[in-house]
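For reference, the structure is listed below as structure tokens.
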Amino acid sequence: MKDETKLVNDLTSLVSQFSPKADNLDELLNWITERHIHQSDQLHKTHQAYLAAILNGYEYSRAAIGQERTIHLDDFAAYVTDETIACYLESVDLYYDCSLTREGITLVDTPGADSINARHTNVAFDYIKYADAILYVTYYNHAFSRADRDFLMQLGRVKDAFHLDKMFFIMNASDLAQDASERRMVQQYIEEQLTTLGIRFPRLFPVSSKQSLEEKRHDKVLNDQMESFEAAFDHFIHHELASITIQSAVRDIQRAKQAVRQYLDSLQMNAEEKEQARKELMEKQSSLQKLADEIDTGLYEQKISQKLEKQLYYVLERLSIRFHDLFKETFNPATITGSGKEAKQQLENCLWNLLDYTGYELLQELRAVSLRIESFIYDLKQEVYLDYTSKSSNIDHAFLLPDFEESELSTPDYEQAFSNLDAQTFEKELKQFNGTKAFFAKNEKESMKENLFNRLYPFADNYIAENHKTMHAAYINQWNAIIDSIKRFIADHVENYIDNQLRMITDQSIDLNTLSEKHDMLNKILTEYEEMKAE
Numbered sequence: 001m002k003d004e005t006k007l008v009n010d011l012t013s014l015v016s017q018f019s020p021k022a023d024n025l026d027e028l029l030n031w032i033t034e035r036h037i038h039q040s041d042q043l044h045k046t047h048q049a050y051l052a053a054i055l056n057g058y059e060y061s062r063a064a065i066g067q068e069r070t071i072h073l074d075d076f077a078a079y080v081t082d083e084t085i086a087c088y089l090e091s092v093d094l095y096y097d098c099s100l101t102r103e104g105i106t107l108v109d110t111p112g113a114d115s116i117n118a119r120h121t122n123v124a125f126d127y128i129k130y131a132d133a134i135l136y137v138t139y140y141n142h143a144f145s146r147a148d149r150d151f152l153m154q155l156g157r158v159k160d161a162f163h164l165d166k167m168f169f170i171m172n173a174s175d176l177a178q179d180a181s182e183r184r185m186v187q188q189y190i191e192e193q194l195t196t197l198g199i200r201f202p203r204l205f206p207v208s209s210k211q212s213l214e215e216k217r218h219d220k221v222l223n224d225q226m227e228s229f230e231a232a233f234d235h236f237i238h239h240e241l242a243s244i245t246i247q248s249a250v251r252d253i254q255r256a257k258q259a260v261r262q263y264l265d266s267l268q269m270n271a272e273e274k275e276q277a278r279k280e281l282m283e284k285q286s287s288l289q290k291l292a293d294e295i296d297t298g299l300y301e302q303k304i305s306q307k308l309e310k311q312l313y314y315v316l317e318r319l320s321i322r323f324h325d326l327f328k329e330t331f332n333p334a335t336i337t338g339s340g341k342e343a344k345q346q347l348e349n350c351l352w353n354l355l356d357y358t359g360y361e362l363l364q365e366l367r368a369v370s371l372r373i374e375s376f377i378y379d380l381k382q383e384v385y386l387d388y389t390s391k392s393s394n395i396d397h398a399f400l401l402p403d404f405e406e407s408e409l410s411t412p413d414y415e416q417a418f419s420n421l422d423a424q425t426f427e428k429e430l431k432q433f434n435g436t437k438a439f440f441a442k443n444e445k446e447s448m449k450e451n452l453f454n455r456l457y458p459f460a461d462n463y464i465a466e467n468h469k470t471m472h473a474a475y476i477n478q479w480n481a482i483i484d485s486i487k488r489f490i491a492d493h494v495e496n497y498i499d500n501q502l503r504m505i506t507d508q509s510i511d512l513n514t515l516s517e518k519h520d521m522l523n524k525i526l527t528e529y530e531e532m533k534a535e
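Going by our numbering, the first residue of the sequence shown is number 1, and it counts up by one from there.
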């Protein structure tokens, strides 16, 4: 269950425009109730519903706030479908035995695109970053909502930052189509929508979960559509993802084979050859260590700085284009209907929503830039490491380093933009309003949109500039830490390699035939792997 601090933060972020004054959850809920905040037209319907659920479920859940509960599977549905209970949940771990979980796969159902959690926390972003695979489910007769579009745009922003295409898009309820032609038409429409939102070449699968579940329960032949999705997903899990681990294991076998080969060679040396080999090994150790010490990070730091600056420049450029849609979404005939004081209040509500929406867009842009920078740093790390391994082979072709694996890069925490701005900052721009007819029919809204953007731009520019400093410091520090780790990693393996080589020269206790058998066995494994790859 969420703790009190988490609940207070959630609620405060929702009602911040009403300037809440409360020190704890009880006071905050009383304040919301007394002022009927949960019924205010100034709040989005989703946020009204969330506040109502919090208020209605408080008595039931208050004793369990901040605690961990264990429940039976039979009670699970009530916890996740009853909003008055679900709104108090931080997370739910469900243990269920099936073919997927037996393979060690964990399925995570993230908060919905329009939920309060997805809107105001990093939950969905963290899963986009760390998940091995992402499955986005939409429905045959479901038009993308604003929240859907926002989430899909974020997927589009970061899709190319990953080294594998780990996104699968599922069009469920495809059995509602009258025929194959209609299904293809809807599928094509969804593909076009995904492409428009920045998701190039989406892997989209039309399926019917209802039909497929029925077939599996009665041991019938699985329909072609679900078969196609399962085959693609299975290939991704067991081949594309597994290939990374397999390649690392193959390199370890190659290193083992090389070590056995050198051991065999050392067994056939005489005393003079062994002494010469010992001297050469000491020279190689010095050269290999010197090569690591000479790794220069200056050029790479410059590349990171240039990449970051370019990425953030395009954020502001995209905002200038996107602002038109953000304005139209918040300032429209459905949100501005009155005159006089009523219109003034509606305009302020529209402005509040525009600032919130635009601020969240910039926050999402920064998160996307972070993932792209982290991907770039990963590539630079590989470049540095491969450059060393290439040069080290000129010193000693038998020296093979294992894969270097470091912990995930840490993404800085960013505050949402414009959280401290208020209507007074834009008082001059809002005074341009001369009634709904002039605003919409005579297109005065275009002038207000332009003036609002011009007023907002310096704040956006400052937001980007401040976070530029944060990002630069965070990623340069992490880059230098990676290089230090690489140097220590190399130094340890150079020392171990030389020590092992020296021991091989003096150790004559292992039988030659036993070593030859091990060498042949390793060689056979590598040969079979190459043959399997060629098939």
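From the three backbone atoms N, C-alpha and C, an ideal C-beta is built for every residue, glycine too.
- Proximity of the region 354-370 to the region 157-166 meets the contact definition, three or more beta-carbon pairs being nearer than 8 angstroms.
- Rounded to whole angstroms, the Cβ separation of F399 and S392 is 6 angstroms, and the two are in contact under 8 angstroms.
- In the structure shown, P333 falls within a coil segment according to DSSP collapsed to helix, strand and coil.
- CA-to-CA, the gap between I482 and A231 works out to about 38 angstroms.
- D175 and A334 have their C-alpha atoms roughly 35 angstroms apart.
- When DSSP states are grouped into helix, strand and coil, P458 belongs to the helix group.
- Setting aside the 5 residues that flank it on each side, L7 is surrounded in the same chain by L25, each with a C-beta closer than 6 angstroms to its C-beta; the list follows chain order.
- Remark: C-beta atoms of L11 and I253 do not approach each other more closely than 7 angstroms.
- Q188 and G340 have their C-alpha atoms some 47 angstroms from each other.
- Taking every protein chain shown into account, the CB of G338 has fewer than 16 other CB atoms within 10 angstroms, so this residue is exposed.
- Counting every other CB atom within 10 Å of its CB across the protein chains shown gives N353 a total of 16 or more, marking it as buried.
- DSSP, read as helix, strand or coil, puts L430 in helix.
- Counting C-beta atoms within 10 angstroms of its own C-beta, G359 has 16 or more neighbours from the protein chains shown and is therefore classed as buried.
- Three or more Cβ pairs closer than 8 angstroms define a contact, and the region 488-508 falls short of that threshold against the region 422-430.
- The beta-carbon separation of I85 and G66, rounded to 15 angstroms, does not stay under the 8 angstroms limit for a contact.
- L291 and N500 have their C-alpha atoms roughly 20 angstroms apart.
- L176: not part of any alpha helix (DSSP H); DSSP gives it neither H nor E.
- For Y95, there is no enclosing alpha helix (DSSP H), as DSSP gives it neither H nor E.
- In the structure shown, V15 falls within a coil segment according to DSSP collapsed to helix, strand and coil.
- With fewer than 16 other Cβ atoms inside 10 Å of its own Cβ, F76 counts as exposed.
- Taking C-beta atoms as the reference points, Y263 and M504 count as a pair closer than 7 angstroms.
- Ranked by how close their Cα comes to the Cα of F331, the residues H36, E444, F404 have E444 in first place.
- Beta-carbon to beta-carbon, L401 and T389 are separated by about 5 angstroms, close enough to satisfy the 8 angstroms threshold.
- Per DSSP, the beta-bridge partners of T138 are M171.
- Taking a contact to require three or more Cβ pairs closer than 8 angstroms, the region 303-313 and the region 473-490 qualify as touching.
- Taking each of H397, A474, D356, Y475 in turn and checking the Cα distance to A417, the smallest one comes out for D356.
- Residue environment: A177 is assigned as buried (16 or more neighbouring CB atoms within 10 Å of its CB, all protein chains considered).
- The continuous stretches of beta strand (DSSP E) do not include L197, and DSSP gives it neither H nor E.
- Leaving aside the five residues that flank D403 on each side, the residues in its chain whose CB is nearer than 7 angstroms to its CB run, in chain order, S248, R251.
- Taking a cut-off of 8 angstroms on C-beta distances, the region 439-456 does not touch the region 281-299, as fewer than three cross pairs fall below it.
- The straight-line gap separating the alpha-carbon atoms of L312 and R62 is approximately 44 angstroms.
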